[in-house]
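Asks: Sharing a structure with you now.
Number of protein chains: 2
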Amino acid sequence: MAASKERITIQDIAEQSGVSISTVSRVLSGNAGVTEPKRQAVLAAVDKLDYRPNLFAQGLASGQSMSIGVMTQNFGSAFYDAILRGIIAGVEKSNYSPLFADGRWRTDIERRALQTLLNRRVDALILLGTQLDSDDLLDLKKQMPLVIVSRSVAGLEQNCLVVDNYKASFQATTHLLDRGHQHIAHITGALSESNVLRDGAQRLAGYQDALRKAGIEPSPKLVVEGSFRSQSGLLAIETLLTRGKPFSAIFAANDQMATGARLGLYRRGIRVPDDVSLIGFDDQPHSAYMTPPLTTVRQPAEEMGLMAAQAVLNQLQGKPFALPMVSAELIVRESVKHIY
Amino acid sequence: MAASKERITIQDIAEQSGVSISTVSRVLSGNAGVTEPKRQAVLAAVDKLDYRPNLFAQGLASGQSMSIGVMTQNFGSAFYDAILRGIIAGVEKSNYSPLFADGRWRTDIERRALQTLLNRRVDALILLGTQLDSDDLLDLKKQMPLVIVSRSVAGLEQNCLVVDNYKASFQATTHLLDRGHQHIAHITGALSESNVLRDGAQRLAGYQDALRKAGIEPSPKLVVEGSFRSQSGLLAIETLLTRGKPFSAIFAANDQMATGARLGLYRRGIRVPDDVSLIGFDDQPHSAYMTPPLTTVRQPAEEMGLMAAQAVLNQLQGKPFALPMVSAELIVRESVKHIY
DNA sequence: CGAGAAGTTGAAAGCGTTTTCACAATAATA
DNA sequence: TATTATTGTGAAAACGCTTTCAACTTCTCG
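As you go down the protein sequences, you meet chains A and B in turn. With my numbering applied, the first sequence corresponds to residues 1 to 340, in that order. With my numbering applied, the second sequence corresponds to residues 1 to 340, in that order.
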């Protein structure tokens, strides 16, 4: 565990095993032939002295940092954190290690964080829900392997890993319809924020189209714009109630807002699911423990992280890679009532 | 934004400003006198060419990486993530940048992750709830500035930042007593896990002593050991109910278990707080949105991160530093009923 | 058996900084 | 004014690795 007193270098290994440092470097990097006996000798020395190459020296000499920059938007977001875990797992068995940064959903902060990553000479980049504009992204893409998760960028479709929000949302709404609900409200995610977060818009579209397909014309009175935050879910209930148009179910564009909505209903003494049914989106860890447990749409976040990591690794090795559109899955729990 | 085509080096700056690279280095690092005109010239060149020193070269030459290793135990834990955010904020204005790793509460994984950090030559370390044994930690402490958050280690008291679990727990229990509760159950955190997670034990002690102080002998039948996970909170309700000893309130050692317990009560048709009152610990973001909103103990996680960062930065500069025991605060919401 | 191809190897040249060293220039002291 | 400190400065030596280059072996094949 403890690093030895004196830093040992490639020179030490060379002496210990009676070869030149070039040879040591070669056996360690593996990209050149070395006769077996020398190879063994070097390996033995490495093992004996517990040698660990100096990454700075390696980086300086080779121009590679053996690290992959990963930009999240918020440490603490259940969805993104799960992706992070997936990325860690995916990168684990490679020689690369991830370098994290947090954009905190603010373009200026993200740009600064990106600079830090770039300064550290990351060899590749994984961007989660980035706010950067497409020009910057296209530029980055030219410089190094790139994967963008949870946002699709025109011209970079190859490099984007997104879930089919529309379809998932369509399904969730259909689930409600199948259970006999006719008057279904929707709390949207943030809609306006320029190019970002179009997740919200896609989910809204899925909801509307599902309704139409069932022969129901979506009513503007039943959709209220949220911000993906719990608070906005709470507020949405007030708005909905004030508008006075009755509804028997609510589909929230994410679990946080569903949670907020749930509290709003509780405050008004409206029972879930007896009086109003509720569906969320994301399947946050705690959603399974809500009262009642929340029916929601699960995005395979961890798997997505894994896929992103794999794709980046493949690019790094010049191998082909593909990022299919991943589909989400409805998790049926107890927040939806069957109406007869 | 985009890095220029050709990497520009200190050499370019030297030429552009008509001085030697030594001088450039000096004005940039600031630790040697340079006459004002040259200084200005260099700065101008740096600005003009948008020069950014190569961190590898710097690291190699100076032996410093200008990075601080930060080990968390789980991306996705509300408490730890908040600390992470605090650390980021605290380190932001310095020249250092954080390097994150995830120990996932598994000693072997943590050791490996630590090695990665060490290989990257971090200049200092912040360890959150580490599982490493004290010998390793003492060893690390000798090598570099170190701050350990949320765990106290014998011989390293100076370097540990912990919250007063005992006191907070005592207060939470007292709150229940003050509201007239006599039969208070406790769902503990993980107790047995060797040296780690003694948070659980401290919270248990606080609970017991508060009871005793009120003249109530704590009953073993009312405490059930949990694991800090939601699931164990759910199970605990079953255990408690099976034991048959009545209780009017539950104090869970964290919010996750409180959430689990809440679901358990819901399943049994036991109302909160009408039939049973509930208190948690941690004040997770979503706890404010539970039904009913959960009374809980808030640890100032983000502030703790800030303090940890500051302490590490001070150490790095050879300045004195201190890590006071931070105290938690009871957040009264709606999950506790006043019994008359 | 001999010529060229292929495989091994060490010396040495970077990679882009920081830092030591020696020297020159300036300021302070006598 | 002559000496001695003090500063400011560039050349050059690290820092620890990768990679090119050239030399030397060892194969292959006609």
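The beta carbon of each residue, even a glycine, is placed where N, CA and C say it ideally should be. Here the structure is a predicted model, which is why all the values come from computation and not from measurement.
Do three or more CB pairs link the segment 302-320 of chain B to the segment 82-102 of chain B at distances below 8 Å?
Replies: At 8 Å Cβ cutoff, the stretches touch.
Asks: Rounded to the nearest angstrom, what separates residue 155 (chain A) and residue 207 (chain A) at their Cα positions?
Replies: For residue 155 (chain A) and residue 207 (chain A), the distance between alpha carbons rounds to 27 Å.
Asks: Tell me which same chain residues have a C-beta within less than 7 Å of the C-beta of residue 291 (chain B), skipping the five on either side of it?
Replies: Answer for residue 291 (chain B): no residue qualifies.
Asks: Whole angstroms are fine: how far does the CA of residue 120 (chain B) sit from the CA of residue 19 (chain A)?
Replies: Each residue's alpha carbon lies about 27 Å from the other.
Asks: What are the uninterrupted segments assigned as alpha helix (DSSP H) that are 4 or more residues long and contained completely in the segment 256-323 of chain B, given in chain order?
Replies: Segments of the alpha helix (DSSP H) lying fully in the segment 256-323 of chain B: 301-316.
Asks: Going by beta carbon distance, what residues of the same chain come within less than 6 Å of residue 105 (chain B), once the five residues before and after it are set aside?
Replies: Cβ neighbours of residue 105 (chain B) beyond the five flanking positions: 73.
Asks: Within 8 Å (strictly less), CB to CB, does residue 119 (chain B) reach chain A?
Replies: Taking Cβ atoms only, chain A reaches closer than 8 Å to residue 119 (chain B), which makes this a yes.
Asks: How about residue 289 (chain B): is its C-beta nearer than 8 Å to some C-beta of chain A?
Replies: For residue 289 (chain B), the answer is yes, since a Cβ of chain A falls inside 8 Å of its Cβ.
Asks: Please check if any C-beta of chain A sits within less than 8 Å of the C-beta of residue 196 (chain B).
Replies: Annotation note: pLDDT 45 at residue 196 (chain B) (below 50); position unreliable, coordinate value reported separately. So, not an interface residue.
Asks: Roughly how many angstroms separate the alpha carbons of residue 145 (chain A) and residue 313 (chain A), rounded to a whole number?
Replies: Near 9 Å, if we compare the C-alpha coordinates of residue 313 (chain A) and residue 145 (chain A).
Asks: At which residue ranges does the segment 59-141 of chain B contain complete beta strand (DSSP E) runs of 3 or more residues, listed in the order of the chain?
Replies: The segment 59-141 of chain B contains these whole beta strand (DSSP E) runs: 67-72, 97-102 and 124-128.
Asks: Under the rule that 16 or more other beta-carbon atoms within 10 Å means buried, what is residue 47 (chain B), buried or exposed?
Replies: Residue 47 (chain B) is exposed by the Cβ-count criterion.
Asks: Counting beta carbon pairs with one atom in the segment 122-142 of chain A and one in the segment 61-77 of chain A, are three or more of them shorter than 8 Å?
Replies: Verdict: yes, contact present.
Asks: Within its chain, find whatever has a CB closer than 7 Å to the CB of residue 2 (chain B); leave out the 5 residues flanking it on each side and keep chain order.
Replies: Any reading at residue 2 (chain B) must be qualified, since the residue scores a pLDDT of 36, below 50, and its modelled position is unreliable; the value itself is stated next. Within the same chain, residue 2 (chain B) has no close Cβ partners at all.
Asks: Among A:294, A:27 and A:326, whose alpha-carbon lies nearest the alpha-carbon of residue 332 (chain A)?
Replies: Comparing Cα positions, the closest option is A:294.
Asks: Counting beta carbon pairs with one atom in the segment 252-272 of chain B and one in the segment 228-243 of chain B, are three or more of them shorter than 8 Å?
Replies: With a cut-off of 8 Å, the segment 252-272 of chain B and the segment 228-243 of chain B count as touching, because enough Cβ pairs lie within range.
Asks: Since residue 277 (chain A) and residue 253 (chain A) should fall inside the 8 Å C-beta cutoff, what is the C-beta to C-beta distance between them, to a whole number of angstroms?
Replies: Not confirmed; about 16 Å, so no contact.
Asks: List the residues of chain A that residue 88 (chain B) touches, going by C-beta distances under 7 Å, in chain order.
Replies: Those within 7 Å of residue 88 (chain B) in chain A are 102.
Asks: Please determine, among B:14, B:159 and B:139, the residue with the shortest C-alpha to C-alpha distance to residue 325 (chain B).
Replies: If we check each option's Cα against that of residue 325 (chain B), B:159 comes out closest.
Asks: Helix, strand or coil for residue 326 (chain A), going by three-state DSSP, please let me know.
Replies: Residue state, collapsed to three classes: strand.
Asks: Which residues of chain B have a Cβ atom closer than 8 Å to the Cβ of residue 262 (chain A), listed in chain order?
Replies: Those are 289 and 291, listed as they occur along chain B.
Asks: Please report the residue range of the beta strand (DSSP E) in which residue 188 (chain A) lies.
Replies: Unbroken beta strand (DSSP E) run through residue 188 (chain A): 184-188.
Asks: Using a Cβ cut-off of 8 Å, pull out every chain B residue sitting near residue 266 (chain A), in sequence order please.
Replies: Per Cβ cutoff of 8 Å: 291 and 292.
Asks: Would the beta-carbon of residue 75 (chain B) fall within 8 Å of that of residue 84 (chain A)?
Replies: Yes. Within cutoff.
Asks: DSSP three-state call for residue 204 (chain B): helix, strand or coil?
Replies: DSSP places residue 204 (chain B) in helix when its eight states are reduced to three.
Asks: Which same chain residues end up closer than 8 Å to residue 107 (chain B) when comparing Cβ atoms and leaving out the 5 residues on each side of it in sequence?
Replies: Closer than 8 Å at the Cβ level, and outside the excluded window around residue 107 (chain B), lie 131 and 132.
Asks: Ends of the beta strand (DSSP E) at residue 225 (chain B)?
Replies: Start and end: 223-225.
Asks: Thinking C-alpha only, which one of B:269, B:234, B:328 and B:273 is nearest residue 297 (chain B)?
Replies: Nearest of B:269, B:234, B:328 and B:273 to residue 297 (chain B), Cα basis: B:328.
Asks: Within 10 angstroms of its Cβ, does residue 110 (chain A) collect 16 or more other Cβ (buried), or is it exposed?
Replies: The residue in question, residue 110 (chain A), is buried, as its Cβ has 16 or more Cβ neighbours within 10 Å.
Asks: Quick check on residue 81 (chain B) - is its C-beta less than 8 Å from some C-beta in chain A?
Replies: Cβ-Cβ to chain A under 8 Å: yes for residue 81 (chain B).
Asks: Consider the Cβ of residue 107 (chain A): report whether some Cβ of chain B lies at a distance smaller than 8 Å.
Replies: So, not an interface residue.
Asks: Applying a beta-carbon distance threshold of less than 9 Å, which residues of chain A neighbour residue 271 (chain B)?
Replies: Going along chain A, no residue has its Cβ under 9 Å from residue 271 (chain B), so there is no contact; the nearest lies around 10 Å.
Asks: Nearest chain B C-beta to residue 151 (chain A) closer than 8 Å, yes or no?
Replies: By this cut-off, residue 151 (chain A) is not an interface position.
Asks: With which residues is residue 251 (chain B) paired in a DSSP beta bridge?
Replies: Note: residue 251 (chain B) sits in a beta bridge opposite B:186 and B:279.
Asks: With 8 Å set as the bound, which would you pick, yes or no: does the beta-carbon of residue 57 (chain B) sit closer than that to a beta-carbon of chain A?
Replies: Closer than 8 Å to some Cβ of chain A, the Cβ of residue 57 (chain B) qualifies, so yes.
Asks: Ends of the alpha helix (DSSP H) at residue 46 (chain B)?
Replies: 36-49 is the extent of the alpha helix (DSSP H) around residue 46 (chain B).
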